[in-house]
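Asks: Residue numbers -4 to 341, in our numbering, belong to the letters of the sequence shown in order. All C-beta atoms, glycine included, are put in the ideal place defined by N, C-alpha and C. Predicted model only: the values in this text are computed from it and were never measured.
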Amino acid sequence: MKTKIQTIFHNQFHKAPEKTYFSPGRVNIIGEHTDYNGGLVMPFCLDQGVYASVSSRTDGIFNVYSENFADKGIITFDIDHLDKDPMRDYANYISGMVLEFKPMIGSKPSGFDLAIISDLPVGGGLSSSAAVLVLIAKILCDQHALNLSRIDLAILSKKVENQYIGVNCGIMDQFIIANGKPDSAIYLDSASLAYEYVPCLLNGYTFLLVNSNVTRKLTESKYNVRQKESLELLHILQKHVSIDHVCELTPEDYHKYETYVSQNDLKKRFKHLVDENHRVKLARQMLISNDFKTLGMLLNEAHASVRDLYEVSSEVLDQLVEMALVSGSLGSRMIGGGFGGSTLNV
Ligand code: GLA
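(1) Please write down, chain order preserved, every residue whose beta carbon lies under 5 Å from a heavy atom of the ligand GLA.
(2) Using beta-carbon positions only, say whether A126 and R145 come within less than 7 Å of one another.
(3) Please report the straight-line C-alpha distance between D348 and V341, rounded to a whole angstrom.
(4) Relative to the C-alpha of S51, which candidate in L109, V45, S90 has its C-alpha closest?
(5) Going along the chain, which residues of its own chain have a beta-carbon closer than 6 Å to the beta-carbon of H267, five neighbours each way excluded?
(6) Quick check: S18 and L130, are their CB atoms within less than 7 Å of each other?
(7) Given a cut-off of 7 Å, decide if S337 and G354 are closer than it, judged by their beta-carbon atoms.
(8) Give every residue of the same chain whose Cβ lies closer than 6 Å to the Cβ of I3, excluding the five residues on either side of it in the sequence, and list them in chain order.
(9) Where do the N-terminal and C-terminal ends of the alpha helix (DSSP H) with D270 fall, by residue?
(10) So for L228, helix, strand or coil by DSSP?
(11) Can you tell me where the beta strand (DSSP E) with T338 in it begins and where it stops?
(12) On the DSSP letters alone, give me the boundaries of the alpha helix (DSSP H) that F170 sits inside.
(13) Determine, using beta-carbon pairs with one atom in the region 86 to 97 and one in the region 132 to 143, whether at least three such pairs fall under 8 Å.
(14) Cβ of G33 within 7 Å of Cβ of C164?
(15) Use the C-beta contact count for L121: other C-beta atoms within 10 angstroms, 16 or more gives buried, fewer gives exposed.
(16) Out of S48, F39, V36, state which residue places its alpha-carbon closest to the alpha-carbon of E13.
(17) For the region 88 to 148, which segments carrying the beta strand (DSSP E) assignment without a break, of at least 3 residues, lie completely within its bounds, in sequence order?
(18) Keeping to the same chain, check which residues put their C-beta closer than 8 Å to that of K288; ignore five residues upstream and five downstream.
(19) Please work out which residues of its chain come closer than 7 Å, Cβ to Cβ, to V36, disregarding the five sequence neighbours upstream and downstream, and give them in chain order.
(20) Mapping DSSP to helix, strand and coil, what is P(-4)?
(21) Output yes or no for whether 7 Å exceeds the beta carbon distance between G20 and L115.
(22) Answer with buried or exposed for K223, where buried requires no fewer than 16 other C-beta atoms within 10 angstroms of its C-beta.
(23) Ordered along the chain, which non-local residues of its own chain (more than five positions away) have a Cβ less than 7 Å from that of K262?
(24) Compare the beta carbon distance of L312 and M329 with 7 Å and say whether it is the shorter of the two.
(25) For T2, which of helix, strand or coil comes out of DSSP?
(26) So what does DSSP say about N219, is it helix, strand or coil?
(27) Ends of the alpha helix (DSSP H) at T289?
(28) Using a threshold of 7 Å, state whether the C-beta atoms of T71 and N58 are closer than that.
(29) Are the CB atoms of Q7 and Y60 nearer to each other than 7 Å?
(30) Under the DSSP definition of a beta bridge, which residues are partnered with L190?
(31) Nearest-angstrom Cα distance between L228 and F265?
(32) What is the DSSP secondary structure of M329, counted as helix, strand or coil?
(33) Let me confirm a value: N295 is counted as buried when at least 16 other C-beta atoms fall within 10 Å, else exposed. Which label applies?
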């Protein structure tokens, strides 16, 4: 893929690239929809992802070519016209990041020629958009010799997704993509950003991803609706308990406070969030002790919870999970935002 993107760059821009980058896709083992509720997640990086070859320019022009959207040709924008533009299509992820960096770049020369290619299935729920954002953040950081940490790059990427693209996602995807290491998952507290690498050696077990081939765009799905419901739930709970995030509460707390939540849907969201957060803690222990049988059970519980309580699964995803279990999988669940994408199977 690395040579391929360098050749593609050469074909498009008739010169050799200065640098080539890789940004991985991600899989979340467990902890779904907890990251915008101050909770825990445990994702890892894939060895599939987005590759980019790039050369700097000094005239403020950004030329972008994606082999995955070859029919769109080279998309061009400049440093003075960075507002989101539907005509720019996928390249809005790139202009959005350039806009974010603009104050840091100042009046210094800027611009680049960029070719990208991804071997992640688009809409497969493996975070190709977060991979692109983190990649562009890293390129701009290097080009302008800025002193930004990997966590800063993740925070900036989340900001662009939230404020420019318009998806109110949490930080899980950007964080793991910027900080992932081989053979490790990250156990991340999304409220404090405290994190720990958890060895993910599998020892004879396999994590198998199954793509439903049902693509969903987070902006078009009910993702933002769930985010709003979570806020509503938080405001109700804050009248009775001093918390900043729903995931500060435990499964025991649920029984104490559920009576204050009169709407049935919000009650279900509440139960999912506290139980799911608790499952992440247990899953971390299971991964460390190599207990994939119990880990599988936790995955099954997690799927039932996103299906029945958080209601972000779909018929196809539920069928894939059932088929996996009938075929002998130790555990299976949909991953990511839901309504499409992939399942993770032990
Ligand atoms: C998407 C979002 C993440 C997270 C998951 C659900 O992947 O980008 O921030 O909320 O959905 O866990």
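Replies: The structure says:
(1) E27, H28, D30, C164, G165, M167, D168, G331, G332
(2) no
(3) For the chain, the structure presents residues -4 to 341; residue 348 sits outside this window and is missing.
(4) L109
(5) S300, L304, Y305
(6) yes
(7) In the structure as shown, the chain starts at -4 and stops at 341, and residue 354 therefore has no counterpart that could be examined.
(8) E62, A110
(9) 259 to 283
(10) helix
(11) 337 to 340
(12) 167 to 174
(13) yes
(14) no
(15) buried
(16) S48
(17) 107 to 113
(18) L325
(19) N23, G26, T29, D30, M167, L183, S185, V275
(20) Checking the sequence shown, residue -4 turns out to be Met, not Pro. Reduced to three states, the DSSP call for M(-4) is coil.
(21) yes
(22) exposed
(23) E253, V256
(24) yes
(25) helix
(26) helix
(27) 287 to 303
(28) yes
(29) yes
(30) Sequence inspection shows Tyr at residue 190; the Leu mentioned does not correspond to that position. Answer is L183.
(31) 7 Å
(32) strand
(33) buried
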